[in-house]
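Order-wise, the sequence lines are chains F and Y.
So for the first sequence, my numbering puts the first residue at 91; every next one is plus one.
So for the second sequence, my numbering puts the first residue at 91; every next one is plus one.
Even glycine gets a Cβ: it sits at the ideal position worked out from N, Cα and C.
As the structure is a computational prediction, the values presented were derived from the model and not from experiment.
Report on the following structure.
2 protein chains.
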Amino acid sequence: MSRNAKAGLEDIARAAGVSKMTVSRVLRGSSGFSEETRARVMSEVERLGYLPNRIAAAFGSGGTSTLVGVCVPRFASSLFGSTLESINTSLMRLGYQSMIGSHDQLPEEEEIWLKGLASWRPAGIILAARRHTPETLSLLRDLTVPIVEMWDLNTQPIDVSVGFSHFDDGYTMGRFLMLRGRRRYGYVGAMANRVTTGRNRRDGFEAALREGGISLAASETLEDHPGFYAGYYGTELLISREPKLDGIYYHDDEMAIGGMAWLASRGIRVPDDIGIAGWGGMEAASIQPRRLTTTVVPTALIGKTAAELLVGRMRGDPVQDVTMIPTRLVPGETV
Amino acid sequence: MSRNAKAGLEDIARAAGVSKMTVSRVLRGSSGFSEETRARVMSEVERLGYLPNRIAAAFGSGGTSTLVGVCVPRFASSLFGSTLESINTSLMRLGYQSMIGSHDQLPEEEEIWLKGLASWRPAGIILAARRHTPETLSLLRDLTVPIVEMWDLNTQPIDVSVGFSHFDDGYTMGRFLMLRGRRRYGYVGAMANRVTTGRNRRDGFEAALREGGISLAASETLEDHPGFYAGYYGTELLISREPKLDGIYYHDDEMAIGGMAWLASRGIRVPDDIGIAGWGGMEAASIQPRRLTTTVVPTALIGKTAAELLVGRMRGDPVQDVTMIPTRLVPGETV
DNA sequence: GATTGCTACGTTACCGGTAACTCATGCAGT
DNA sequence: ACTGCATGAGTTACCGGTAACGTAGCAATC
């Protein structure tokens with residue numbers, strides 16, 4: 091019970107009457123000791139309250155640590171928060187420790203984070219970004235550790251990729267809306283730091299419309315983080331420029347809900363006057379009077395899969411290069 | 091540009107014609123070298139693409155690392171997400187690296203996380219929980235590193251505490267509602283893993299009512315994570331048991347918004363028929379037809395302050411034991 | 001009986017930095 | 001001229017593990 095932070099392998103070894111190396115072997119579970127020795131060592135470990143020293147272990151083994159770097163755009167997003175939590179607990183359960191960073195969609199921030207991370211000699215890296223600086227790519231190459239690119243599926247990954255296609259999500263939603271026979275569509279998006287994360291979804295959406303012979307009637311992309319209020323005033327801006335729209339595709343559900351709030355305040359009915367579609371499958375949609383038409387993203391599954399793929403690669407198991415995690419269009423009552 | 095991960099201090103030293111120790115001194119900025127030497131060393135550092143090795147540095151200095159452990163209830167919460175992000179970037183800017191964990195309100199999970207963290211010999215710890223297991227407390231004591239308890243203010247901190255009082259927030263809101271002259275109040279809360287985080291707010295709220303000579307007419311605490319939908323059906327449960335209420339105090343804003351959605355679906359008007367108050371100052375409230383009466387919590391400031399206090403303590407600066415970060419009641423239009 | 005192979009360890013060297021100490025030099029003050 | 005001290009280095013030991021290799025003892029094989 092009384093934990094003695096100063097007890098090291100040497101102390102255990104002396105107490106158990108074996109060598110330091112034998113204690114090391116017992117603690118790491120590799121073979122090379124008798125059951126009797128194991129029991130004696132473990133009882134001393136318990137009695138002395140030995141605390142492993144991973145700094146020394148990582149150093150002694152020449153840089154083979156159990157550290158994993160994880161970099162996402164933001165913590166404070168319901169989707170990334172859930173993915174991050176899933177990665178973190180999965181890695182912890184598998185015996186790895188994560189070092190998390192955020193880049194807010196800025197490749198330069200990712201580069202700064204990566205440089206700091208690299209000095210900890212991580213055993214693997216999980217990234218959630220498609221754009222990287224040349225320095226980042228060069229550093230990733232030099233580190234020669236497994237790398238999982240997640241979220242946005244990269245079909246030509248640096249190493250391993252897991253996620254889904256934003257383009258396909260937009261395309262599928264576009265096709266779905268087209269089936270409703272409406273013709274005049276608008277788009278409301280948001281971009282943080284000049285990077286529209288939803289850009290690929292919008293492109294996919296437009297591609298579907300184009301196939302149907304029409305083009306996007308209006309589009310409004312705010313220079314702000316996506317959120318309820320951005321959807322609210324983005325819709326106001328869009329409608330004031332283009333009052334006669336049949337439907338609006340939103341960056342995500344929260345923006346769609348914000349948009350619906352603005353429409354409701356103007357007496358515009360959904361879906362009678364205008365159809366609404368979001369993306370993400372966010373919880374806020376659950377209390378809307380009408381179920382939101384959206385694309386549900388399995389955030390936790392993506393995180394868990396990313397963690398498992400990385401651990402597989404770090405252990406040297408053969409793993410799939412590209413793993414698609416399907417999203418699901420949920421037809422609601424807003425279209 | 092071509093980063094050579096294998097170059098170490100020794101290589102730099104040889105190339106610059108000095109000793110390894112001089113290179114170490116130059117890189118860490120401590121004095122003991124001439125400007126000429128510094129320039130020569132730095133140019134070799136640049137040329138060879140030296141990557142610092144913090145594992146070796148932490149090991150060599152006998153465990154004085156720049157690692158900080160941070161443990162919060164959840165990542166995927168708008169409030170904690172924001173605080174976490176703030177801590178992470180603040181620590182990074184100050185030259186520290188964080189290792190983040192989540193405990194989901196379970197002291198046992200916190201203990202497991204702490205044991206894993208301890209083996210990395212962190213230089214400091216930030217915790218967001220009031221309850222700890224005896225083992226956790228004993229381990230925290232043995233680690234002898236600065237500890238910041240944040241979020242819920244602890245006036246008798248283990249080491250340092252920063253945050254606000256949930257009790258006071260509830261009390262202040264209770265007083266505010268009482269001024270409106272209403273008499274019959276209900277409460278809708280949520281608890282994850284049998285721990286009601288909002289318990290202190292509810293207690294404060296009840297204390298205020300008691301001073302006014304009344305008691306809580308009805309209370310409903312769901313065994314679920316707080317969120318929009320929990321507020322929605324929690325309100326349904328509350329009202330079905332106690333239809334005649336003048337006001338409802340909610341665990342947080344998202345639950346209040348969920349509650350308002352349910353009330354709206356029944357044609358119950360806010361604030362005419364019933365007053366509503368939330369807590370947290372969450373973004374979703376920004377699109378409600380009426381501004382929600384709530385308590386705004388400066389989440390990012392708490393994170394930044396926690397990081398700065400910890401770094402102060404780690405550097406040995408004198409820092410305040412207890413730092414109150416005031417929250418602010420924002421009277422909206424729902425009461 | 002000699003050789004081989006396996007088990008269960010012990011020995012030794014080393015990972016890449018940092019702390020603590022030593023030492024030569026130059027210059028100001030007495 | 002001598003002392004004292006700051007400056008700018010070099011030297012040595014060490015942090016606490018792990019990898020690689022060595023070896024004693026014993027059973028199985030040749």
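Residue i and residue j closer than 8 angstroms at C-beta
i                       : j                           : result
leucine 353 (chain F)   : glycine 276 (chain F)       : no
glutamate 225 (chain Y) : glutamate 201 (chain Y)     : yes
threonine 395 (chain F) : valine 285 (chain F)        : no
alanine 280 (chain F)   : alanine 320 (chain F)       : yes
glycine 324 (chain Y)   : threonine 384 (chain Y)     : no
arginine 380 (chain Y)  : threonine 424 (chain Y)     : yes
leucine 382 (chain Y)   : asparagine 283 (chain Y)    : no
alanine 218 (chain F)   : tryptophan 241 (chain F)    : yes
glycine 337 (chain Y)   : arginine 272 (chain Y)      : yes
glycine 294 (chain F)   : phenylalanine 257 (chain F) : yes
tyrosine 322 (chain Y)  : isoleucine 377 (chain F)    : yes
glycine 393 (chain Y)   : serine 151 (chain Y)        : no
serine 121 (chain Y)    : leucine 99 (chain Y)        : no
Interface flag, residue i vs chain F, CB-CB below 8 angstroms
i                        : result
methionine 189 (chain Y) : yes
tyrosine 140 (chain Y)   : no
serine 251 (chain Y)     : no
alanine 367 (chain Y)    : no
asparagine 178 (chain Y) : yes
proline 379 (chain Y)    : yes
serine 151 (chain Y)     : no
glycine 303 (chain Y)    : no
Residue-level contact to chain Y via CB, residue i, 8 angstroms cutoff
i                        : result
serine 121 (chain F)     : no
tyrosine 340 (chain F)   : no
glycine 174 (chain F)    : Position check: residue 174 (chain F) holds leucine in this sequence, whereas glycine was assumed. Leucine 174 (chain F) counts as touching chain Y.
arginine 144 (chain F)   : yes
serine 255 (chain F)     : no
asparagine 283 (chain F) : no
proline 361 (chain F)    : no
alanine 374 (chain F)    : yes
alanine 351 (chain F)    : yes
arginine 164 (chain F)   : yes
methionine 182 (chain F) : yes
tryptophan 241 (chain F) : no
lysine 277 (chain F)     : Reading off the sequence, residue 277 (chain F) comes out as tyrosine, not lysine. So, not an interface residue.
serine 109 (chain F)     : no
Residue i - DSSP class collapsed to helix/strand/coil
i                        : result
glycine 406 (chain F)    : coil
isoleucine 338 (chain Y) : strand
arginine 270 (chain F)   : coil
alanine 367 (chain F)    : strand
tyrosine 140 (chain Y)   : coil
threonine 385 (chain Y)  : strand
serine 309 (chain Y)     : strand
threonine 413 (chain Y)  : strand
arginine 284 (chain Y)   : coil
alanine 105 (chain F)    : helix
Close-in-space but distant-in-sequence residues of the same chain around residue i (CB under 6 angstroms, 5 per side omitted)
i                        : result
glycine 317 (chain F)    : Glu344
tryptophan 210 (chain Y) : Leu157
arginine 418 (chain Y)   : Val386
glutamate 134 (chain F)  : Ile102, Ala105, Ala106
threonine 262 (chain Y)  : Leu419
methionine 404 (chain F) : Ala213, Gly214, Pro236
Neighbourhood of residue i by C-beta distance below 7 angstroms, restricted to the same chain and skipping five residues each side
i                           : result
proline 247 (chain F)       : Glu239, Asp411, Val412
phenylalanine 165 (chain Y) : Gly171, Leu174, Ser192
valine 360 (chain F)        : Met350, Leu353, Ile366, Arg380, Thr424
asparagine 244 (chain Y)    : Arg220, Ser251
valine 278 (chain Y)        : Glu310, Gly321, Gly324, Thr325, Leu328, Ile338, Tyr340, His341, Met345, Gly349
valine 108 (chain Y)        : Thr127, Val131
alanine 374 (chain Y)       : Asp343, Glu344, Ile347
Residues of its chain near residue i, where Cβ-Cβ distance is below 8 angstroms and the 5 sequence neighbours each way are ignored
i                        : result
methionine 189 (chain Y) : Leu157, Val158, Gly159, Val160, Leu207, Trp210, Pro212
serine 305 (chain Y)     : Glu296, Leu299
methionine 91 (chain F)  : In this predicted model, methionine 91 (chain F) has a pLDDT of only 41, less than 50, meaning its place in the structure is not dependable enough to derive any value.
glutamine 187 (chain F)  : Arg144, Thr156, Leu157, Val158, Leu181
leucine 230 (chain F)    : Leu204, Ile215, His222, Ile237, Ile248
Q. Which whole runs of the alpha helix (DSSP H) in the segment 221-252 of chain F are 4 residues long or more, in chain order?
A. 224-233
Q: Let me know the beta strand (DSSP E) ranges lying completely inside the segment 154-234 of chain Y, each 3 residues or longer, listed in chain order.
A: 157-162, 187-192, 214-217
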